[in-house]
Amino acid sequence: MEFSISYSSILEMLQLCHKLKTGDLKEEEIRQLLNHEDYQFELSRYKNKISEAEFISYFLDLPNLDEDHISNGRLKWHHKYYQYLLANLELYDAKEKELPKIFKKSIFQEQINYALKGLPDDIQLPEMRFISTIGLGPSFGYVYGNGMHFDFIQLIKEKSSKDLYSTIAHEVHHVGWNVIFKEMDINTLSLESMFYLYLSGEGLAVKYCNNAEGILSKAIYDGPKNIGLDSFTWKYLNNDFDNTMIQFKETIRRIRQQEIKSLEDLEKHIDEYWRNSLTKDQKLGDIPKLVHYRLYTFGNDLWGIIHDCFGKDVVFETLKNPQNFPEICNKALQSIGRSDLQF
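Take 916 as the starting number for the sequence shown in the numbering used here and just add one per residue.
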């Protein structure tokens, strides 16, 4: 399986940051850099959320901006990282020189192999592209198509090498999940089955690649648990497990009674609750305190106990036949002595 690694835009962006601090940056210079294929990848991923014009306007005024003056939510969430970058340019200049060691090809191959341990044995991954930039938006790591992105600012500010490597495996797992998903005829799936699939993507990625442990699901491997996962977020959402289970059963009820009656309705509901990154004390428009959301923790618990009880083969057989998820998951709940949670 072939893959490539690209981080060539980082040095150019650092040079522009130095010019920004001294007041020598011209708009055309940042516009030209955004034509780099790695930034075009980012802009494509953040389409309708961060435009090229929005980022250029933000970047040119960056030294003078406070969070309260930024209207674009994603630029606002990421602003503290750009502030840190401008205040620590010498650190980033030094770390840029270490990139060939940080992004060593053999390390990426190791993490691909690690991700494959949590995928079907016969899966064929496509050619993949790993990209690191001084990022535009709030995500540290994400997958888009067959490309995976890592934000260099966050990597240096607050991530360890173990965090990076678990994120590589995590994103590769998403690519594998997408291979399986594309082989399915989603037009034949019920909304209830689609809901279970929403829980599987992040849930299985953290289970197999971050050695996640939840309320029900146990870590697979010896050694550190929840590698690369935000400790505050993971604890907060696990502590809210009971409320999440109530909402899980309520979501199923609404689907079965056709209160949620279209894929658009389901996606709206997923965004409002299952992908909500706000804590209970926050309001809409606040910078979210949660790095992950309930699809991660609750998906890890329900899909994870299928692995714990029946093994990987049953997990992926169920993934390919999500209509069987309630039967298999309820058997797993009974097996671990939590029949009270059956649905």
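Note that the Cβ used here is the ideal one computed from N, Cα and C, for glycine as well.
Keep in mind that this is a model prediction, so the values were computed, not measured.
If I follow the unbroken alpha helix (DSSP H) through residue i, where does it start and stop?
i	result
I1022	1020-1031
F1163	1156-1171
T937	924-937
F1240	1240-1250
G1200	First-last for G1200: undefined, no H or E at that position.
Y999	988-1002
S972	967-975
Are the beta-carbon atoms of residue i and residue j separated by less than 8 Å?
i	j	result
F918	E1042	yes
F1258	I1161	no
N1153	T1212	yes
Y996	K1074	no
V1290	H1085	Since the first residue of the chain shown is 916 and the last is 1258, residue 1290 is not available in this structure.
L1106	I1185	no
K964	R989	yes
I1068	Y999	yes
F1147	I1130	no
L1040	G1116	no
M1099	K1227	no
S924	Y954	yes
Could you pull out every residue in the same chain whose Cβ sits closer than 8 Å to the Cβ of residue i, ignoring the five residues on either side in sequence?
i	result
P978	L935, K936, L1001
Check the Cβ-Cβ distances between residue i and every residue of chain C, and say whether any is below 8 Å.
i	result
R1209	Among the chains in the structure shown there is no chain C, since it carries only a single protein chain.
On the DSSP letters alone, give me the boundaries of the beta strand (DSSP E) that residue i sits inside.
i	result
M1109	Not the beta strand (DSSP E): M1109 falls in the alpha helix (DSSP H), residues 1106-1124.
H951	Note, H951: premise wrong, no beta strand (DSSP E); not H, not E.
N1208	At residue 1208 the sequence reads Tyr, which differs from the Asn that was named. No beta strand (DSSP E) holds Y1208; DSSP gives it neither H nor E.
H1064	1062-1066
I1046	1043-1048
On the criterion of 16 or more Cβ atoms from any shown chain inside 10 Å, does residue i qualify as buried, or is it exposed?
i	result
G1052	buried
H1064	buried
S1021	exposed
H984	exposed
T1103	exposed
P1015	exposed
I1221	buried
R1209	buried
D1216	buried
G1056	buried
E957	buried
Cutting at 6 Å between CB atoms, please list the residues of its own chain near residue i, excluding the five before and the five after it.
i	result
K1164	F1258
L1119	W1218
N987	E969
A1134	N1126, E1128, K1140
Among the residues of its own chain, which have a CB less than 7 Å from the CB of residue i, if the five just before and after it don't count?
i	result
E942	I971, L975
L1256	M1160, L1248
### Message
I'd like to know if the segment 1018-1033 and the segment 1075-1084 are in contact, where contact means that at least 3 CB-CB pairs between them fall below 8 Å.
### Response
yes
### Query
So does the segment 1036-1050 actually touch the segment 919-935, counting three or more Cβ pairs closer than 8 Å?
yes
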